[in-house]
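**Q** One structure coming up, written as C-alpha cells, with questions to follow.
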Amino acid sequence: MKAVILIAGRGSRLRPLTDRTPKCLLRINGKTILEHQISNLFYYGIRSIILVVGYKIDAVVNAVSQMKEKYCGLDIIFVENPIYFKTNTLYSLWLASCHVGHDDFLYLNGDVVFSKKLLEALLNSPYDACLAVEKKRVGREEVKVIVNQGFVKRIGKDLDPSESYGEFIGIAKFSKNFNKLLIRKLNSLVRQKFINEFFEKALDELARVINIRVVDITGLPCIEVDTLEDYEVAKEIYNSYLKGEE
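Its first residue numbered 1, the sequence shown is counted upward by one per residue in my numbering.
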C-alpha cells in the first residue's frame, strides 16, 4: 500500500508561523507534523509515500532527506503543484494520481496530527473506500458528512450541519478497485476546470453511485491544524495522549 500526503498549501491562517516555514514542518514536541505522519505510516509498514508539494519546496525536501536517515527503506516521491496558490486538494490529488496508479493507498491531509490507532481502524476495514469520521457537532469550517446506514450519503463543507453525522478529518483508505473510479472522476473534474475545489467534491459525486464507508474514529486523538489555536490544541493532544504511543 502507498500513501499520498498533500502538503502544497501555504497555511496562511497560521501566519506568522508559516511565513518562512510550511505548515507540515511546524514542530510538536520536537517532531514536525510531517514526521509524525510518516512515523505512523512507517509503523504499519507503509514505506512508499507520495508528497504533493508547492509552498517552500526546498525546506520540505531537506526535512525529508533527514527523515530518510532515520526511517530505513522510506521511498518518497515528490510531486510538485506549481500552481498551489490558486488550486486546492482536488488538483493536488489529481497530480499525484499518475504515481498512485491502480494501487491501494491511504490519503492524508498534511496538517493532521493523529493517533496510530486511527490508521489501524482504516487498515482493518474490509471496504474498498472508507473515511475516518469523527461523530460530533460541526460548524461552518468542517468537512461535513451525512451518513445513511454507515455509508456516506453526502460530503462537503457546504452541507447543513444539522443533518451531518460529523467531520471527515482528512484521512482515508482507497482500494485499487475504488481508485480506478476516483482517478476517472478527478480527470473529469479537472477537465471541467474544478481545480480550486476540495477533493471531497469527487467523493460527493462518487458516493451517489458507489458505497463509501464511514469508519467512526470518535474518541481517538486527532486534530487538523488550520489555525494558531489548533496548533496549541495539537500540542496539548500530543502531550496528553500521543507521547505514550512513541
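Note that beta-carbon positions come from the ideal geometry of N, C-alpha and C, so glycine has one too.
Just tell me which of D128, N81, Y231 has its CA closest to the CA of V215.
**A** If we check each option's Cα against that of V215, D128 comes out closest.
**Q** Provide the residue(s) that pair with Y32 in DSSP beta bridges, ordered along the chain.
**A** Residue 32 is actually Thr in this sequence, not Tyr. For T32, which the question treats as bridged, DSSP gives the partners R27.
**Q** If V79 and L95 are in contact, beta carbons under 8 Å, what's the gap, nearest whole angstrom?
**A** The pair is a contact, with the Cβ atoms about 5 Å apart (cut-off 8 Å).
**Q** Is D111 buried or exposed, if buried means 16 or more other CB atoms sit within 10 Å of its CB?
**A** With 16 or more Cβ atoms within 10 Å of its Cβ, D111 is classed as buried.
**Q** Can you tell me whether C98 is buried or exposed, with buried defined as 16 or more other CB within 10 angstroms of its CB?
**A** With fewer than 16 other Cβ atoms within 10 Å, it is exposed.
**Q** Go to F151, then tell me how far its beta strand (DSSP E) extends in each direction, as first and last residue.
**A** Residues 151-156.
**Q** Which residues does DSSP list as the beta-bridge partners of K144?
**A** Partner(s): G156, E167.
**Q** Give me the Cα-Cα distance between R137 and R213, rounded to the nearest whole angstrom.
**A** Their backbone Cα atoms lie some 20 Å apart in a straight line.
**Q** Tell me the rounded alpha-carbon separation between T21 and V133.
**A** Whole-angstrom Cα-Cα distance: 29 Å.
**Q** So, does the segment 22-33 touch the segment 58-72, judging by three or more C-beta pairs under 8 Å?
**A** Yes, they touch.
**Q** Could you give the C-beta distance for A3 and L108, rounded to a whole number, given that I count them as a contact under 8 Å?
**A** About 6 Å; that satisfies the 8 Å criterion.
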